[in-house]
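Novice:
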Amino acid sequence: MKKVITIAISTLMLATSFTPANAAEKGWRYWGYFQAAPGASDWSYATTGPAGSTPKDGAVEGWKYSFSSNTVDTGNPTLKPNFKATCSTVKPAAGMVRVAVVVDFGLRAIAPKGESVQQTIRQCVSVKAGTNGLDILNKVVPVRTSADGFVCGLANYPAKECSTEITTPKSLAKK
Numbered sequence: 056m057k058k059v060i061t062i063a064i065s066t067l068m069l070a071t072s073f074t075p076a077n078a079a080e081k082g083w084r085y086w087g088y089f090q091a092a093p094g095a096s097d098w099s100y101a102t103t104g105p106a107g108s109t110p111k112d113g114a115v116e117g118w119k120y121s122f123s124s125n126t127v128d129t130g131n132p133t134l135k136p137n138f139k140a141t142c143s144t145v146k147p148a149a150g151m152v153r154v155a156v157v158v159d160f161g162l163r164a165i166a167p168k169g170e171s172v173q174q175t176i177r178q179c180v181s182v183k184a185g186t187n188g189l190d191i192l193n194k195v196v197p198v199r200t201s202a203d204g205f206v207c208g209l210a211n212y213p214a215k216e217c218s219t220e221i222t223t224p225k226s227l228a229k230k
């Protein structure tokens, strides 16, 4: 009898420990920070925050309003890093660095309710050597940060939230 009860309890515990295949997965939407070193043609996810990064002349700084979960990642900015195309008209100056900046507002599928995705911005900024990535970004768009320095909004997008957990949009869910 003890063996039957033990098997029944074990079966019940196993059956309730699995989540249904159609359970809604959750993930996060946030501003992702990417970089391309001078001469690079591909994005790398930044390993430090923008306040701790000092891009060199010829670098490209990328920002994308992203979504990621255990199974979905909306990836890099849609525009490839292209310093020459972005900064070709900005001449080098002594003590200054030229940095291309890309701000990609992401997919409509992850836009906060009632908000519209803006056009991607690509701009060249000339700043004093040693200027950090956050100050460079502030030259391109207004930046809203949390009290602990997390980038929450760029160009007032999103207007209020900051790194919010949401259900994976159906259009992004793995089939």
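If you're matching positions, the sequence shown starts at 56 in my numbering and goes up one per residue. Positions of the beta carbon are idealized from the N, C-alpha and C atoms, including for glycine.
Should G87 be labelled buried (16 or more other beta-carbon atoms within 10 Å of its own) or exposed?
Specialist: So G87 counts as buried.
Novice: Looking at N187: is its Cβ nearer than 8 Å to the Cβ of P105?
Specialist: In contact: N187 and P105 (Cβ atoms closer than 8 Å).
Novice: Excluding five sequence neighbours on each side, which residues of the same chain lie with their C-beta closer than 7 Å to the C-beta of P213?
Specialist: P167, E170, listed in sequence order.
Novice: Rounded to whole angstroms, how far is the Cβ of Q173 from the Cβ of F160, which I believe are closer than 8 Å?
Specialist: Yes, they are in contact, since the Cβ atoms of Q173 and F160 sit about 4 Å apart, within 8 Å.
Novice: Going by other Cβ atoms of all chains shown within 10 Å of its Cβ, with 16 needed for buried, is A155 buried or exposed?
Specialist: Counting Cβ neighbours within 10 Å, A155 comes out buried, since at least 16 surround it.
Novice: Just curious, the alpha helix (DSSP H) that T141 is in, first and last residue?
Specialist: Its alpha helix (DSSP H) spans residues 138-142.
Novice: Ordered along the chain, which non-local residues of its own chain (more than five positions away) have a Cβ less than 6 Å from that of E80?
Specialist: Same-chain partners within the cutoff: S124, T223.
Novice: In angstroms, rounded to a whole number, what distance separates the CA positions of V152 and T144?
Specialist: Answer to the nearest angstrom: the Cα atoms are 14 Å apart.
Novice: Can you give, in chain order, each stretch of the beta strand (DSSP E) that sits fully within the segment 162-196 and has at least 3 residues?
Specialist: As far as the segment 162-196 is concerned, its whole beta strand (DSSP E) runs of at least 3 residues are 176-183.
Novice: According to the Cβ coordinates, are F205 and S226 closer than 8 Å?
Specialist: No, the Cβ-Cβ distance between F205 and S226 is not below 8 Å.
Novice: With the cut-off set at 8 Å, would you say G117 and F138 are in Cβ contact?
Specialist: No, the pair does not count as a contact, with Cβ atoms beyond the cut-off.
Novice: Are there 16 or more other CB atoms within 10 angstroms of the CB of N211, so buried, or fewer, so exposed?
Specialist: Classification for N211: exposed.
Novice: On the CB-based measure, 16 or more other CB atoms within 10 Å of its CB, does G208 come out buried or exposed?
Specialist: G208 should be labelled buried.
Novice: Which residue's Cα is closest to the Cα of A149: E220, D112, V127, T103?
Specialist: Of E220, D112, V127, T103, the residue nearest in Cα terms is D112.
Novice: Go ahead and label A202 buried or exposed: buried means 16 or more other beta carbons lie within 10 angstroms of its beta carbon, across all protein chains shown.
Specialist: Classification of A202: exposed, given that the 10 Å Cβ count is below 16.
Novice: Beta-carbon separation of V157 and V115 under 8 Å?
Specialist: Against a cut-off of 8 Å, the Cβ pair of V115 and V157 comes out as a contact.
Novice: Just curious, the beta strand (DSSP E) that K119 is in, first and last residue?
Specialist: Its beta strand (DSSP E) spans residues 115-123.
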